[in-house]
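Trainee: Residue numbers (our numbering): 1 to 114.
Each residue gets a CB set at the ideal place from its N, CA and C atoms; glycine is no exception.
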Amino acid sequence: MLFPCHQALPFFDRGNIGDGINHNISKKPILTLFTKKICPLCEEAKLELKDLLPRVEFKTVDIEKDPQLYSKYKYDIPVFHLNGKLIFKHRANRKILEEELCKLASSTPPSSFK
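Rendered as structure tokens:
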């Protein structure tokens, strides 16, 4: 089930308006997946969220390349952050991601950009 804001509040992007300044004021929210090379649950989680991924900038971080992240998340992957904030771990949760995207969309209306 999609929430009411699914398409009602797209993220605003003015693009380049010709003054030599990049006006991409509002970028897509950044969804980060903390994972490792072999992680079946991570692959399952990506499939679960597949149709929501176009609404975010999706990044992956290999925890095996960072000892601190490995120590922090080795028993918890997949771990998802949205704009740097932990939103869920162990399993993907579509409802939580959709709710968080709605909150972000409603907190940055296009009329607030200059």
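Starting from E64 and walking both ways along the beta strand (DSSP E), at which residues does that stretch end?
Mentor: From DSSP, E64 is part of no beta strand (DSSP E); its letter is neither H nor E.
Trainee: Could you spell out the range, first to last residue, of the beta strand (DSSP E) harbouring I30?
Mentor: I30 to T35
Trainee: I'd like to confirm the pairing. Which residues does DSSP put opposite V56 in its beta bridges?
Mentor: For V56, which the question treats as bridged, DSSP gives no partner whatsoever.
Trainee: Cutting at 8 Å between CB atoms, please list the residues of its own chain near A45, excluding the five before and the five after it.
Mentor: For A45, the CB contacts under 8 Å within the same chain, skipping 5 residues up- and downstream, are L33, P78, F80, R91 and A92 in chain order.
Trainee: Taking just the CA atoms, how far does K28 sit from P67?
Mentor: 29 Å
Trainee: Could you work out which residue in R55, K36, P40 and E64 is closest to E99 when comparing CA atoms only?
Mentor: R55
Trainee: What is the rounded straight-line gap between the Cα of A8 and the Cα of I30?
Mentor: Its pLDDT being 40, under 50, A8 is placed unreliably by the model, and nothing is read from it.
Trainee: Please classify I96 as buried or exposed, where buried requires at least 16 neighbouring CB atoms within 10 angstroms.
Mentor: I96 is exposed by the Cβ-count criterion.
Trainee: Is it the case that the Cβ atoms of R94 and E48 are separated by a distance below 8 Å?
Mentor: Cβ atoms of R94 and E48: closer than 8 Å.
Trainee: Judging by CA-CA distance, which residue of L104, D76, D51 and C42 is the nearest neighbour of T60?
Mentor: C42
Trainee: Do you know how far the Cα of D51 is from the Cα of K89?
Mentor: One C-alpha to the other measures close to 19 Å.
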